[in-house]
Amino acid sequence: MSKLVIVKCDNGIEIKFEETPYYLTATVNGDVWYWKRDTGEFDGKAFDVE
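Quick note: the sequence shown uses the numbering used here, first residue 13, plus one each step.
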């Protein structure tokens with residue numbers, strides 16, 4: 013089961029933090045950063061391809 017927290021900044025930008033069984037993620041404006049949950053090691057960035 014994953015946990016999701018959404019934070020809305022004063023400038024209107026939303027940051028989504030999600031904890032899944034394998035990864036911790038942060039999403040801003042369609043870009044997603046990944047960290048390995050078990051080690052905390054940064055694992056890369058995905059880009060929104062709209």
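Note that the Cβ used here is the ideal one computed from N, Cα and C, for glycine as well.
As the structure is a prediction and not an experimental result, all values here were calculated from the model.
1) What's the gap between the Cα of residue 41 and the Cα of residue 47?
2) For residue 39, report the span of its beta strand (DSSP E) as first-last.
3) What would DSSP say about residue 56, mapped onto helix, strand or coil?
4) Could you compute how far the alpha carbon of residue 15 sits from the alpha carbon of residue 22?
From the atom records:
1) The sequence position of residue 41 within the sequence shown is 29, counting from 1. The sequence position of residue 47 within the sequence shown is 35, counting from 1. Spanning the two alpha carbons is a distance of roughly 18 Å.
2) Along the sequence shown, one-based indexing puts residue 39 at 27. It spans 35 to 40 - the beta strand (DSSP E) in which residue 39 sits, taken as one unbroken run.
3) Looking up residue 56 in the sequence shown gives position 44. Strand.
4) The count along the sequence shown starts at 1 and reaches residue 15 at position 3. The count along the sequence shown starts at 1 and reaches residue 22 at position 10. Looking at the backbone, the Cα of residue 15 and that of residue 22 are separated by about 23 Å.
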